[in-house]
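Read through the structure below, which is laid out as structure tokens, and then see the notes.
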Amino acid sequence: MSKKVQVAKYLFFDLFAAAASWILFYIYRKVYIEPQYFGTDVPLEFNNRFFLGLIIIPALWILFYYITGYYSNIYRKSRLIELGQTFLTSLVGVLMLFFALMLDDFIGSYKNYYSLFLTLLGLHFGLTYIFRLIQTSRIIHRIHNRKFGFNTLLVGGDEKALKIYKELNTQIRPAGYKFIGFLSVDESEQYPLEKHLPKLGSIHEFSGITDQYEVEEVIIAIESTQHDLLSAILTKLQNRTLTIWGIPDLFDLLSGSIKTNGIFSSPLLKISNGIMPAWQANMKRLIDVSFSILAIFIFLPAFLLISILIKLENKGPILYTQKRIGRFGKPFTIYKFRTMIHNAETNGPKLSSHHDDRITKIGQFLRRTHLDEIPQFYNVIIGEMSLVGPRPERKYFIDQIVKIAPHYTHLHKIRPGITSWGQVKYGYASTLNEMLERLPYDMVYLKNISLYIDFKILIYTIIACFKGDGK
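Its first residue numbered 0, the sequence shown is counted upward by one per residue in numbering that gives the first Met the number 0.
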């Protein structure tokens, strides 16, 4: 099943339900509520206000569902949880519509407000959930009948891995794990799991194997108490779009950190499930795009003036492009105003410093005020960057950093940013050592990422721009 097709189906039926509920609610108002106010029948006319609502309101519902993360993981839904989520989002959405549009309705008595509210809530929730229930049930049915599954890779081949494989492969109601093979963690002549699954290689060959077999989920079949080994494995896995599961130990069970939605599945600990709640991640993306579009319009005069000044001072292009490493380790082209002389790196990659003679006069001003970053709003709009996130580096320097700090690759779990906690707390790095000194700040951001932290970083960045303390 194509994920895009399935998401499109959910979107279509959610739009249809929102539109149908609005039409039925409009008819209810005209036929039953307004006659109580006017004392006579009211003609059922579909005016411009009706059609405007028919366009805008379903679109707002879809935006609301997107923000709450409903479409983010369509293959791992629980019908019971979906019932509660649909009711809660319907309740909140109808409350907002009620106070925005219905308080000035023509009503015979205050009791009509209760009728209006409950009718819209009942129509919207009922129609939305019935279509979702049908769609979700079809997907779950196909998973339980092994007609659909997720390409799953086991890390480990010993008796523990074999036990997990047998438990998951003989479930009464399969959870969708479609095992394609396993990776060895240590060298051994024989692996118990090899009688059931092919050995595809070792953990060191992980990257190529996941691409070759289109792996979607990974189960790490070692105890979570083996911290050093687990940390080394996670460092290799974390910069990819994978769902990662591990085996909980006794401490995990006693501390209550194990949560599961299924009563037939084995107790696996979800190690990787995104680092922000779905609603915050979606809201962060909406803010990124909205703010960047607004910023481009605001800075358009400055863009033109800076372009002229760059051309007048030094020959060469206005914009400087460079390959950087972004989310999930994928390279992308970053755009900045050129602040150095043309062909400044003819002798190879080199970090800039305060007294770098390659920097032009206008370039020094742009760097101090961070105005050289303006073109990166385009990178944000197309999804390569975020407003806030670890600053992207070149592969040349990353290769040197990971030799000393392998955990650096964890930063690739999120989009790089125009500004970062490391940049606010430490500033730009002029040497490899300074990059390593800035790294802990970015790691702290990764573990504490939230919209609240993003707003604080943006505020301090704006203050730094006005102070002109960049370099």
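Note that CB positions come from ideal geometry on N, CA and C, so glycine has one too.
Using the Cα positions of Phe263 and Asn168, report the straight-line distance between them to the nearest angstrom.
At Phe263, the pLDDT of 47 sits below 50, so the modelled position is not reliable; the number obtained from the coordinates is stated separately. Each residue's Cα considered, the two are about 12 Å apart.
In this structure, how does DSSP classify Phe11 when only helix, strand and coil are distinguished?
helix
Validate contact between the region 435-454 and the region 372-383 using beta carbons, cut 8 Å, 3 pairs
no
Please specify which runs of the beta strand (DSSP E), each continuous and at least 3 residues long, are wholly inside the region 168-245, giving them in chain order.
176-183, 198-201, 216-222
Taking DSSP's pairing of strands, which residues face Leu120 in a bridge?
For Leu120, which the question treats as bridged, DSSP gives no partner whatsoever.
Which runs of the alpha helix (DSSP H) spanning at least 4 residues fall entirely within the region 362-412, listed in chain order?
375-380, 394-403
Residue span of the alpha helix (DSSP H) that contains Val443, given as start and end
431-447
Spell out the partners DSSP gives Lys335 in its beta bridges.
Tyr319
Proximity below 8 Å, CB of Tyr176 to CB of Glu216
yes
Between Leu161 and Ser136, what straight-line distance do the alpha-carbon atoms span, to the nearest angstrom?
31 Å
Secondary structure of Thr67, DSSP reduced to three states:
coil
For Gly416, which beta-bridge partners are listed by DSSP?
Ser385
Contact between the region 273-280 and the region 51-71 (3+ Cβ pairs under 8 Å):
yes
Evaluate contact between the region 170-188 and the region 196-205, counting only Cβ atoms and requiring at least three cross-stretch pairs below 8 Å.
yes
Check whether the region 109-124 touches the region 141-159, taking contact to mean three or more Cβ pairs, one atom from each stretch, closer than 8 Å.
no
Find the nearest neighbour of Lys159 within the set Val214, Leu267, Ile208, Gly207, judged by alpha-carbon distance.
Leu267
Given a threshold of 16 other Cβ atoms within 10 Å of its Cβ, counted over all protein chains shown, does Val93 qualify as buried or as exposed?
buried
For a test of the three-state rule: what should DSSP assign to Asn260, helix, strand or coil?
Per-residue confidence for Asn260 stands at a pLDDT of 47, beneath the threshold of 50, marking its modelled position as unreliable; the derived number appears in the next sentence. If DSSP states are grouped into helix, strand and coil, Asn260 belongs with coil.
Which complete alpha helix (DSSP H) runs does the region 17-64 hold, if anything under 4 residues is left out?
33-37
So, for Ile274: in the same chain, excluding its five sequence neighbours on each side, which residues have a beta-carbon less than 6 Å away from its beta-carbon?
Ile448
Top-ranked residue by Cα proximity to Leu90, from Arg78, Ala19, Tyr64:
Tyr64
Identify the continuous beta strand (DSSP E) that holds Leu311 and give its terminal residues.
Leu311 -> not in any beta strand (DSSP E); alpha helix (DSSP H) instead, spanning 299-312.
Could you check the C-alpha separation between Met339 and Phe147 for me, to the nearest Å?
54 Å
Residue range of the unbroken alpha helix (DSSP H) whose run includes Phe149:
Per DSSP, Phe149 belongs to no alpha helix (DSSP H); it is in the beta strand (DSSP E), 149-154.
Give the straight-line distance between the Cα atoms of Val214 and Ile138, rounded to the nearest whole angstrom.
20 Å
Segment contact, 8 Å Cβ cut-off, at least three pairs: the region 385-403 with the region 416-432
yes
Cβ neighbours of Leu252 in the same chain (closer than 7 Å, five flanking residues each side left out):
Caution is warranted here: a pLDDT of 45 is assigned to Leu252, below 50, making its placement in the model unreliable, and the coordinate value is therefore given only provisionally. Nothing meets the Cβ criterion.
Cβ shell of Lys481 (< 7 Å), same chain only, five flanking positions each side left out
For residue 481 there is no data in the structure shown, the boundaries of the chain being 0 and 470.
Considering only the beta carbon of each residue, do Lys314 and His341 sit closer than 8 Å?
yes
Euclidean distance between Cα positions of Lys194 and Gln211
22 Å
Thinking just about the alpha-carbon of each residue, which of Phe15, Ile381, Arg326 is nearest to the one in Phe130?
Phe15
Gln321 versus Ile417 - alpha carbon distance
14 Å
Tell me which same chain residues have a C-beta within less than 8 Å of the C-beta of Ser419, skipping the five on either side of it?
Val387, Gly388, Pro389, Arg390, Tyr440, Asp441, Tyr444, Ile456
As assigned by DSSP and simplified to three states, the class of Ile138
helix
Reduced DSSP category for Ile295 - H, G, I as helix; E, B as strand; rest coil
helix
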